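In this note's numbering, the protein residues as written are 309 to 565. Every residue gets a Cβ at the ideal spot worked out from N, C-alpha and C, and that includes glycine. Here the structure is a predicted model, which is why all the values come from computation and not from measurement.
Quick look at the structure:
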């Protein structure tokens, strides 16, 4: 009997050790959704992911790659388990998206007030040069316009993208309104950047699971936890806390050398 219970104990320990951590890929350049303080990734997105999978009894391993396109590619091929992204028909072939959204987002057009734009509809953007991060998507209509017109310059990070807008090398940046306005608050030259009243798209940030991941069979559990976080107000609270923390960090003077 003692041997039997010892065997059961060893099997349970082995099963617990065999459960791999959830590999969550992020590209932290979208405050307050996800951003880096130089030491760790912070923001709403990692808070939500950790809360959901901790509740499901799983550890989370953060994976940070060189650009957002790499995150999506690794998720599509099963090298990572989870991303937070907009749902598109193309991504549906590689990812399973939670039904319960994390956050409603509004895509705006940012421009340099020294070079105003005459834009009333999405089609009007075809007359101007835009900038996007590798892998970004802002709705099927916008993606099709970009592919047809070919007026977009692709870069790896927001600082480079907004820097080009400030210097007049591009005319506009499609960007989520909340994150864009927060990002330019303390950006050198950001005082000239404005957001048009035009809304390109309204979409929802969702938790996406690779179809190659063992988590693909746990989407009902993921939705249940996301709904619980929403109902308790945790997501709204984490968003406000992330905005405040990011502003505090940016406002700190750089240390003297």
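The criterion of a C-beta distance shorter than 7 Å is satisfied by residue 389 and residue 331. Our two residues, residue 502 and residue 439, have alpha carbons roughly 15 Å apart in a direct line. Here residue 334 is buried: its Cβ has 16 or more other Cβ atoms, across all protein chains shown, within 10 Å. Excluding five sequence positions before and after residue 345, the CB atoms of its chain that fall closer than 7 Å to its own CB belong to 557, given in chain order.
With contacts defined by Cβ atoms closer than 7 Å, residue 445 and residue 394 form a contacting pair. Rounded to the nearest angstrom, the gap between the Cα atoms of residue 367 and residue 485 is 32 Å.
In the DSSP annotation of this structure, the continuous segment of the alpha helix (DSSP H) that includes residue 552 starts and ends at 542-559. Taking the C-beta atoms as reference points, residue 481 is found nearer than 7 Å to residue 418. For residue 420, the enclosing beta strand (DSSP E) stretches over residues 411-420.
Residue 350 sits buried, since 16 or more C-beta atoms from the chains shown fall within 10 Å of its C-beta.
When secondary structure is reduced to three states using DSSP, residue 492 falls in the helix class. Collapsing the DSSP output to three states places residue 523 in a helix. The Cβ atoms of residue 410 and residue 535 do not sit closer than 7 Å to each other. When 467, 413 and 427 are compared, the shortest CA-CA separation from residue 341 is found for 413. Collapsing the DSSP output to three states places residue 334 in a strand.
A straight line joining the alpha-carbon of residue 391 with that of residue 518 spans about 8 Å. Residue burial is scored here from C-beta neighbours: residue 399 has at least 16 other C-beta atoms within 10 angstroms and is therefore classed as buried. A straight-line Cα-Cα distance of about 12 Å links residue 467 and residue 494. Rounded to the nearest angstrom, the gap between the Cα atoms of residue 352 and residue 546 is 6 Å.
Straight through space, the alpha carbons of residue 364 and residue 523 are spaced by roughly 11 Å. Listed in chain order, the alpha helix (DSSP H) runs fully inside the segment 424-469 are 448-457, counting runs of at least 4 residues.
In this structure, the straight-line span from the alpha carbon of residue 530 to that of residue 382 is close to 21 Å. If you compare the alpha carbons of 373, 420 and 460 with that of residue 433, the shortest gap goes to 460.
Residue 560 has its alpha-carbon roughly 33 Å from the corresponding atom of residue 506.
Scanning its chain for C-beta atoms nearer than 7 Å, with the 5 sequence neighbours on each side dropped, one finds around residue 423 the residues 476 and 479, in chain order. In its chain, beyond the 5 residues on either side, 449, 450, 453 and 508 have a beta carbon closer than 8 Å to the beta carbon of residue 430.
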